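Have a look at the structure below, then the notes.
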Amino acid sequence: MVNGDAVFYSRLLTELTLSFHIIYATIGVGVPLMIMIAQWVGIRKNDEHYILLARRWARGFVITVAVGVVTGTAIGLQLSLLWPNFMELAGNAIALPLFMETFAFFFEAIFLGIYLYTWDRFEDQRKHFLLLIPVAIGASFSAVFITMVNAFMSSPRGFDLVSGELVNINPVLAMFTPAMPTKVSHVVVTAYMTAAFVLAAIAAFRMLRGSDHIYHKKALFLTMKLGLIFAIATAIIGDFSGKYLAVYQPEKLAAAEWHFETEGDASLVLFGLLEGEEVRYGLELPYALSILAHGNPRSEVIGLNDFPADELPPLYIHYLFDLMVTIGMALTLLSLIYVAAKWRGWKFIESRWFRWLIVLGGPLSLVAIEMGWWFTEVGRQPWVLRGIMRTEEAATTSGQVDLMLILFAGLYLILGIGSIVVLTRMFRRNPVEQELADREAERGGGRA
Amino acid sequence: MTLEIVGISVLWMFLFGYVIIASVDFGAGFFNAYSAFTNKEHVLTNIIQRYLSPVWEITNVFLVFFFVGAIGFFPKTAFYYGTALLVPASIAIVLLAIRGSYYAFATYGARISHKGYIYMYGLAGLLIPAAWSTVLTISEGGFIYLENGAPVLDYWALFSSPLTWSIVVLALSAVLYISAVFLTWYARKAGDDRASDLLRKYSLIWSVPTIVTATGIIVELRAHNEEHFANLIGLWWVFALSALLFFGTVFLLWKRRNYGMAFILLVGQFFLAFSGYGVSHYPYLLYPYLTLYDGFTNEAMAIALIIAFLAGFALLLPSLYLVLRLFLFDKDYVQGKSDYHV
Ligand code: HDD
Ligand code: HEM
Ligand code: HEM
Chain A
1 MVNGDAVFYS
11 RLLTELTLSF
21 HIIYATIGVG
31 VPLMIMIAQW
41 VGIRKNDEHY
51 ILLARRWARG
61 FVITVAVGVV
71 TGTAIGLQLS
81 LLWPNFMELA
91 GNAIALPLFM
101 ETFAFFFEAI
111 FLGIYLYTWD
121 RFEDQRKHFL
131 LLIPVAIGAS
141 FSAVFITMVN
151 AFMSSPRGFD
161 LVSGELVNIN
171 PVLAMFTPAM
181 PTKVSHVVVT
191 AYMTAAFVLA
201 AIAAFRMLRG
211 SDHIYHKKAL
221 FLTMKLGLIF
231 AIATAIIGDF
241 SGKYLAVYQP
251 EKLAAAEWHF
261 ETEGDASLVL
271 FGLLEGEEVR
281 YGLELPYALS
291 ILAHGNPRSE
301 VIGLNDFPAD
311 ELPPLYIHYL
321 FDLMVTIGMA
331 LTLLSLIYVA
341 AKWRGWKFIE
351 SRWFRWLIVL
361 GGPLSLVAIE
371 MGWWFTEVGR
381 QPWVLRGIMR
391 TEEAATTSGQ
401 VDLMLILFAG
411 LYLILGIGSI
421 VVLTRMFRRN
431 PVEQELADRE
441 AERGGGRA
Chain B
1 MTLEIVGISV
11 LWMFLFGYVI
21 IASVDFGAGF
31 FNAYSAFTNK
41 EHVLTNIIQR
51 YLSPVWEITN
61 VFLVFFFVGA
71 IGFFPKTAFY
81 YGTALLVPAS
91 IAIVLLAIRG
101 SYYAFATYGA
111 RISHKGYIYM
121 YGLAGLLIPA
131 AWSTVLTISE
141 GGFIYLENGA
151 PVLDYWALFS
161 SPLTWSIVVL
171 ALSAVLYISA
181 VFLTWYARKA
191 GDDRASDLLR
201 KYSLIWSVPT
211 IVTATGIIVE
221 LRAHNEEHFA
231 NLIGLWWVFA
241 LSALLFFGTV
251 FLLWKRRNYG
261 MAFILLVGQF
271 FLAFSGYGVS
281 HYPYLLYPYL
291 TLYDGFTNEA
301 MAIALIIAFL
311 AGFALLLPSL
321 YLVLRLFLFD
331 KDYVQGKSDY
341 HV
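Residue numbers (the working numbering), protein chains in the order written: chain A, 1 to 448; chain B, 1 to 342.
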């Protein structure tokens, strides 16, 4: 009954939709917090620049939210369209957070609508600021709830399995699986980190384009400071994620590290090439794997050879993991150098090459997000619900998935190009200098 | 009241909310495209930007709420409808994307106001209800059959059935009718008499096909699904009441009186008809394969979902009220005297 083509194309379409959605979703989770911080700083310091920063970010945010909503609706429906058997089974146990997520969206959408349409409407600016809190909470909680669903897929809990049926279901336990704490916190924190580096990249880019207004300098310093904080948090929580894997999904960790024999004193290999069970040209960090897995350089890490061959994920996830970690380390270092240099008054951070590095940080953090998700999802294979349902059993039996793949690929292409064109046009037509001058004139006019 | 009934009532309520709010949105897009076509722009464009842009995401959440809730309360619907609806639902997603991107790219983005985009936006608003309404047709049974235990949709039977097409026509005229009545009222509040008169004309025009097809469908159901037909007739008084409200709306519009009340009567009319239809469908979610009872989730999940729903609702109701106050009942905003867009 398994329909190979349908499985293959369903996978491709899920990968495509999620990889596209996650870009907008991550920005959607992170940017409201950044807007909130900027606006708060602006109100506290009574500094027009930060308020304008918040306002301009919010303007761009409207566009990314819209694409996030559209693609999110697509993936929400596609889960049932492409994986009907999975949703039927999982719906019984994990529908609660999925349902709560819609309330989080609701909350966010309502207050975002109000926030966007009430600039300068209140005498007291703090009132307007308050409207942003539910937006940020709604966005972050959507991420929390959807990631709970995803955590359930990695470590299903909260039911008993009796001859293929889920019984004795406990919906609350299903939300709080072993994978949940690390996964949820890592996802939320990486979203904040990504938003900070993306916004920093924009500021740096404007400066490279010759605009040396103090506005951009303030924006860059603020976002780099936030980037540093969240990058450190990311690395710490990422380390806990590794410890989670070592206990609950050891095959994923072993595959990510090309760790074949169960042994202590395990070293961690970065990149390299696999020949048989030998790793060539890799960068070997002695004891690092044992530390990542259990926090102890001597402890034993389970190897791939201890698992049945048909339950192993593809080994290329090694590169996905390494790329994610490398980017995380690089960005931590970059923001650390920047913040330290600001503090010590070092001048090289104002050079062109350093600014280009910051510009690069934006896209790189998005790459890390993609790598992280691909690692998580591909690393769970061959399971869709680990230990319970295999991916090929979950897929639809429809014969038209390939056509839908083409349809959606076209749609995402248009949405992707459209959002980039619209965003660049929006800001090019209305540069900061212009807007600051306009506001100044408006005020002067108002007082006279 | 059993848990099953509570579950389906919650879902039905959100579907009803979506039908009304989305109809306003879809219809407005169509009228806007139509006036662009006949070069009568500006009359409607303003209203669309003032009212629809701030709320379209909220509209969308009603839909998401419905289908996520459906999986939650009735996981088996994922199996039957999910498998069978791949193509129609995918098309609906793409159409929704066109509309969502229009708001983002054309109204608050860089103001791309290419005419082709306006037409696409308007047309998508008609095609979406057409696509969704086929789900109602499919639920009547006779279009899905099981092949090796997997549900398959028989496209030929679906597209050659008169029932399908009358439901499509009903959906379209109802969308335009609901939208026109609401916008007549909104335009009057905005003090835009030209727009209000135009929309009043549209309301009266579209009231005719709405009531004609609605009656026609009841007749056609007799041939298609006798059990459902008999249930409908058993509830004749609900539909009679609904018809009464319909005539009330038309009367008020005709006399140019109290457009606010006209819209309230219209909501009542659709609520009664919609509920009557839903109740008569009981207990089937999909004739003859799936009923409320064998499609239902386990008890623990049902209770958890209902608690989540109540808690969420308590949170949302005041926020929704705030939105309405700011965008619908605030005179200055509606009349365009104040503009506070980011
Ligand atoms: C900006 C993005 C980003 C960065 C810099 C990092 N990660 Fe990450 N990582 C993610 C973005 C991400 C993610 C997209 O958020 C994932 C995918 C799914 C998930 O739960 O989080 C993820 C998953 C993920 C997992 C898998 C969890 C699982 O499958 O259950 C581990 C073990 C790590 N990360 C560890 C790290 C470590 C040790 C990092 C060192 C700095 C790191 N990540 C940086
Ligand atoms: C299978 C996975 C996913 C599903 C089913 C899904 C579903 C959805 C849906 C239905 C929407 C639109 C809601 C609306 O109408 O307002 C949406 C938007 C959104 N999603 Fe996803 N999503 C998924 C993955 C993710 C992930 C992993 C994250 C966060 C890390 C995320 C964060 C968001 C956010 C924040 C929005 C709101 C749009 C915005 O603010 O940009 N989603 N998603
Ligand atoms: C938003 C970030 C996400 C990305 C980029 C992503 C990526 C992927 C990828 C690459 C696959 C294919 C794995 C393979 O076939 O080898 C996949 C599978 C899948 N993912 Fe995710 N995923 C994300 C989040 C989620 C979430 C939050 C859920 C659930 C709520 C989810 C549900 C699924 C399902 C049902 C499949 C299909 C079965 C499977 O291949 O395991 N994904 N995803």
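Cβ atoms here follow ideal geometry from the backbone N, Cα and C, with glycine treated the same way.
Every value quoted in this text rests on a predicted model; they were computed, and no experiment measured them.
Please list, in chain order, the residues of the segment 282–293 of chain B that have any C-beta partner in chain A closer than 8 angstroms.
none
Considering only the alpha carbon of each residue, which of Val378/A, Trp346/A, Ala191/A, Gly72/A lies closest to Met34/A?
By one-based count along the first sequence, residue 34/A stands at place 34. Among Val378/A, Trp346/A, Ala191/A, Gly72/A, the Cα nearest to that of Met34/A belongs to Ala191/A.
Less than 8 angstroms between C-beta atoms, sequence neighbours within five positions excluded: which residues of the same chain meet that for Arg188/B?
Along the second sequence, one-based indexing puts residue 188/B at 188. Same-chain partners within the cutoff: Ser196, Tyr259.
My output table needs one value for Thr291/B: the three-state DSSP class, helix, strand or coil.
For the purposes of this step, residue 291/B is identified with residue 291 of the second sequence, where counting begins at 1. Looking at Thr291/B - three-state DSSP - the assignment turns out to be strand.
Ignore the nearest five residues each way along the sequence and tell me which others in Pro450/A's own chain have a CB closer than 7 angstroms to its CB.
Missing from the structure shown is residue 450/A; chain A here goes from 1 to 448 and no further.
In terms of alpha-carbon separation, which member of Leu85/B, Phe239/B, Glu226/B, Leu305/B lies closest to Pro288/B?
Within the second sequence, numbered from 1, the residue matching residue 288/B stands at position 288. That would be Glu226/B, whose Cα lies nearest to the Cα of Pro288/B.
How would you list, in chain order, the residues of chain B whose beta-carbon sits under 7 angstroms from the beta-carbon of Ser398/A?
In the first sequence, counting from the first residue as 1, residue 398/A sits at position 398. Residues of chain B passing the Cβ test: Thr83, Leu86.
Are the C-beta of Ser90/B and some C-beta of chain A separated by less than 7 angstroms?
As a working note, residue 90/B is residue 90 in the second sequence. Closer than 7 angstroms: yes.
Give the single residue among Val189/A, Leu268/A, Arg206/A whose Cα lies nearest to the Cα of Phe230/A.
Here residue 230/A refers to the residue found at position 230 of the first sequence. Ranking Val189/A, Leu268/A, Arg206/A by Cα distance to Phe230/A puts Val189/A first.
Alpha carbon to alpha carbon, how far is Ile414/A from Gly68/A? Give it in angstroms, no decimals.
In the first sequence, the residue the question calls residue 68/A occupies position 68. In the first sequence, the residue the question calls residue 414/A occupies position 414. About 14 angstroms.
The alpha helix (DSSP H) enclosing Ile144/B, as first and last residue numbers
Residue 144/B sits at position 144 when you count from the first residue of the second sequence. Ile144/B -> not in any alpha helix (DSSP H); beta strand (DSSP E) instead, spanning 144–147.
Identity of the residue in Leu123/B, Gly312/B, Val175/B nearest Ala33/B by Cα
Residue numbering aside, residue 33/B sits at position 33 when the second sequence is read from its first letter. Nearest option by C-alpha distance: Leu123/B.
Phe86/A versus Ile317/A: straight-line alpha-carbon distance, rounded:
In the first sequence, the residue the question calls residue 86/A occupies position 86. In the first sequence, the residue the question calls residue 317/A occupies position 317. Their Cα atoms are separated by approximately 24 angstroms.
Name the two residues that bound the continuous alpha helix (DSSP H) containing Asp239/A.
Taking the first residue of the first sequence as position 1, residue 239/A is located at position 239. Looking at the DSSP string, the run of the alpha helix (DSSP H) that includes Asp239/A is 214–248.
Cα-Cα separation, Glu350/A to Phe105/B:
Indexing the first sequence from 1 puts residue 350/A at position 350. Indexing the second sequence from 1 puts residue 105/B at position 105. One C-alpha to the other measures close to 35 angstroms.
Out of Ala394/A, Leu357/A, Ile43/A, which one is the CA nearest neighbour of Ile202/A?
In the first sequence, residue 202/A corresponds to position 202, counting from 1. Of the candidates Ala394/A, Leu357/A, Ile43/A, the one whose C-alpha sits nearest the C-alpha of Ile202/A is Leu357/A.
Would you verify that the beta carbon of Met100/A is, or is not, closer than 7 angstroms to some beta carbon of chain B?
Residue 100/A sits at position 100 when you count from the first residue of the first sequence. Closer than 7 angstroms: yes.
Name the residues in the segment 67–79 of chain B whose C-beta lies less than 7 angstroms from a C-beta of chain E; which are they?
No chain E is part of this structure, whose protein chains are labelled A and B.
Under a Cβ-count criterion, where at least 16 other Cβ atoms within 10 Å of its own Cβ denotes burial, should Asn46/A be classed as buried or exposed?
Position 46 of the first sequence, counted from the start, is the residue given in the question as residue 46/A. Result: exposed.
Closer than 7 angstroms between beta carbons: that is the criterion. Which residues of the segment 77–103 of chain A meet it against chain B?
Leu77, Ser80, Leu81, Pro84, Asn85, Met87, Glu88, Gly91, Asn92, Ala95, Leu96, Leu98, Phe99, Met100, Thr102, Phe103
Should Thr164/B be flagged as near chain A, meaning a C-beta pair shorter than 7 angstroms?
Translated into the one-based positions of the second sequence, residue 164/B becomes position 164. Not an interface residue.
Using CA coordinates, which residue listed in Gly328/A, Lys243/A, Thr64/A, Leu304/A is at the minimum distance from Ser290/A?
The residue labelled residue 290/A in the question sits at position 290 within the first sequence. For Ser290/A, the nearest C-alpha among the options comes from Lys243/A.
Using three-state DSSP, classify Glu300/A as helix, strand or coil.
Translated into the one-based positions of the first sequence, residue 300/A becomes position 300. Glu300/A falls in the coil class under three-state DSSP.
What's the gap between the Cα of Glu108/A and the Cα of Phe61/A?
Within the first sequence, the letter at position 108 stands for residue 108/A. Within the first sequence, the letter at position 61 stands for residue 61/A. When rounded, the distance between both Cα atoms is 13 angstroms.
Using 7 angstroms as the threshold, is the C-beta distance between Ile146/A and Glu88/A below it?
Taking the first residue of the first sequence as position 1, residue 146/A is located at position 146. Taking the first residue of the first sequence as position 1, residue 88/A is located at position 88. Cβ atoms of Ile146/A and Glu88/A: not closer than 7 angstroms.
Considering only residues of the same chain and omitting the five flanking positions on each side of Thr118/A, which have a CB-CB separation below 8 angstroms?
The residue given as residue 118/A occupies position 118 in the first sequence. So the list reads His128, Leu131, once near-sequence residues are dropped.
Among residues of its own chain, excluding the 5 on either side of Lys225/A, which ones have a beta-carbon nearer than 7 angstroms to its beta-carbon?
In the first sequence, the residue the question calls residue 225/A occupies position 225. The answer, listed in chain order, is Val339.
Segment limits, beta strand (DSSP E) that includes Glu275/A:
Counted from its first residue, the first sequence places residue 275/A at position 275. That run of the beta strand (DSSP E) goes 273–275.
State the Cα-Cα distance for the pair Tyr186/B and Phe348/A, rounded to the nearest angstrom.
Along the second sequence, one-based indexing puts residue 186/B at 186. Along the first sequence, one-based indexing puts residue 348/A at 348. Rounded to the nearest angstrom, the two C-alpha atoms are 59 angstroms apart.
Can you list, in chain order, the residues of its chain with a C-beta nearer than 8 angstroms to that of Arg405/A? Leave out the 5 residues immediately preceding and following it.
Taking the first sequence and counting its residues from 1, the one referred to as residue 405/A is at position 405. Here residue 405/A turns out to be Leu, not Arg, going by the sequence shown. Hits under 8 angstroms: Tyr9, Leu12, Leu13, Leu16.
Going by beta carbon distance, what residues of the same chain come within less than 6 angstroms of Gly72/B, once the five residues before and after it are set aside?
As a first step, residue 72/B must be located in the second sequence, where it is residue number 72. Within the same chain, Gly72/B has close Cβ partners Leu305.
Compare the C-beta of Thr17/A against all C-beta atoms of chain B and say whether one is closer than 7 angstroms.
Position 17 of the first sequence, counting from 1, holds the residue named residue 17/A. Chain B, which has no Cβ nearer than 7 angstroms to the Cβ of Thr17/A, makes this no.
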